[in-house]
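Visitor: This is the structure I want to talk about, given as structure tokens.
In my numbering, the protein residues as written are 36 to 180.
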């Protein structure tokens with residue numbers, strides 16, 4: 036019995052570790068951008084939409100989540116924050132702000148195919164650990180006159 040419980044605990048721990056290391060889901064579909072009439076209007080999160088802020092509307096990601104949007108036609112990318120719900124038109128996966136659409140070079144097209152994934156900010160600690168692990172072969176001696 037004890038052996039079975041230990042095995043079950045071990046397998047559960049493995050499942051958690053594997054799930055934690057799975058890359059975030061990538062969603063592919065059509066993106067559009069907010070029209071001028073939505074500028075300075077309150078969104079579903081309560082935040083006021085500003086066309087010069089890097090923000091978006093998504094149906095399922097929690098408000099405040101940062102998303103990486105990649106224009107599949109030209110490979111340009113932008114990071115936006117979820118502040119609204121939508122889009123509600125079939126085939127569309129995200130509505131983005133005017134400035135984000137401009138960065139993705141999609142203003143003239145109005146609609147483009149994008150890849151959407153959650154943006155995970157680099158962990159400061161892991162960056163410092165990586166920097167500390169760099170070994171140099173050169174020793175710099177102080178100048179003594």
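All C-beta atoms, glycine included, are put in the ideal place defined by N, C-alpha and C.
Would you tell me roughly how many angstroms separate the C-alpha atoms of residue 63 and residue 168, rounded to the nearest one?
Guide: 37 Å
Visitor: Hey, would you say residue 94 sits closer than 8 Å to residue 69, going by beta carbons?
Guide: no
Visitor: Is residue 80 helix, strand or coil when you go by DSSP?
Guide: coil
Visitor: Helix, strand or coil: how does DSSP classify residue 68 here?
Guide: strand
Visitor: Out of curiosity, what's the CA-to-CA distance linking residue 119 and residue 96?
Guide: 10 Å
Visitor: How close, in whole Å, do the beta carbons of residue 149 and residue 134 come, if the pair is a contact with beta carbons under 8 Å?
Guide: Incorrect: roughly 15 Å between the Cβ atoms, too far for contact.
Visitor: In angstroms with no decimal places, state the Cα-to-Cα distance between residue 61 and residue 75.
Guide: Roughly 30 Å separates the two Cα atoms.
Visitor: Figure out for me which residue from 110, 72, 65 and 156 has the closest Cα to the Cα of residue 116.
Guide: For the set 110, 72, 65 and 156, the Cα lying nearest the Cα of residue 116 is the one of 156.
Visitor: Please confirm whether residue 107 and residue 154 have their CB atoms less than 8 Å apart.
Guide: For the pair residue 107 and residue 154, the CB atoms are not nearer than the 8 Å cut-off.
Visitor: Out of 111, 158, 79 and 136, point me to the one whose CA is closest to residue 71's CA.
Guide: 136
Visitor: Residue 132: which of 126, 124 and 145 sits nearest, CA to CA?
Guide: Nearest C-alpha to residue 132 among 126, 124 and 145: 145.
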